[in-house]
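Counting from 23, one number per residue, gives the positions in the sequence shown under the numbering used here.
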Amino acid sequence: MTEREAVRTESGWLVWCSECHTRFESKRSDACYCSPTCRSRVFRREKKREETISLMKVYVDQVRGNMPRRGRSLEFEALAKLQVQIANALASVEND
Ligand SMILES: [Zn+2]
23 MTEREAVRTE SGWLVWCSEC HTRFESKRSD ACYCSPTCRS RVFRREKKRE
73 ETISLMKVYV DQVRGNMPRR GRSLEFEALA KLQVQIANAL ASVEND
């Protein structure tokens with residue numbers, strides 16, 4: 023989504039909320055959220071996302087920890103490859 027530009031008004035700026043996309047007045051041209059509700063909604067979502075990423079990392083580590091050290095097989099190779107793919111996917115989500 024492209025950010026809409028703030029519009030100068032007599033008393034400040036007319037800006038668009040990044041969360042609910044409604045227009046609101048602000049003293050700042052770089053204000054992001056129209057209300058504490060929108061701000062905390064974004065904050066909670068971010069927190070939940072970070073918690074999920076942390077949990078997934080734990081799962082990936084568990085898979086790694088439970089993989090056999092010996093006796094390589096097609097299953098082992100597939101699991102090792104999958105584990106790397108999940109770790110890479112998590113890293114890319116984290117850097118969004
Ligand atoms: Zn809003």
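By construction, the Cβ of each residue, glycine as well, lies at the ideal position given by its N, Cα and C atoms. Just so you know, these numbers come straight off a predicted model, no measurement behind them.
Exposed or buried, what is TYR55 when buried is set at 16 or more other beta-carbons lying within 10 Å of its beta-carbon?
So TYR55 counts as buried.
Compute every distance between the C-beta of GLU56 and the non-hydrogen atoms of ligand 1, then say whether any falls below 6 Å.
The displayed chain sequence assigns Cys, not Glu, to residue 56. It does: the Cβ of CYS56 is within 6 Å (strictly closer) of some heavy atom of ligand 1.
From the DSSP output, read off the bridge partner residues of GLU47.
LEU36.
In whole angstroms, what is the alpha-carbon distance linking LEU40 and PHE65?
Rather than Leu, the amino acid found at residue 40 in this sequence is Ser. So the alpha carbons of these two residues sit roughly 12 Å apart.
Touching or not, the segment 73–89 and the segment 43–62, by the rule of three or more beta carbon pairs under 8 Å?
No: fewer than three Cβ pairs fall under 8 Å.
If we ignore side chains and look at the alpha-carbon of each, how far apart do SER62 and PRO90 end up?
Using only the alpha carbons, I get a separation of about 44 Å.
Quick check: the Cα distance between GLY34 and CYS60, rounded to an integer number of angstroms?
The alpha-carbon atoms of GLY34 and CYS60 are separated by roughly 20 Å.
With 16 as the cutoff for other CB atoms within 10 Å, does VAL37 come out buried or exposed?
Under this definition VAL37 is a buried residue.
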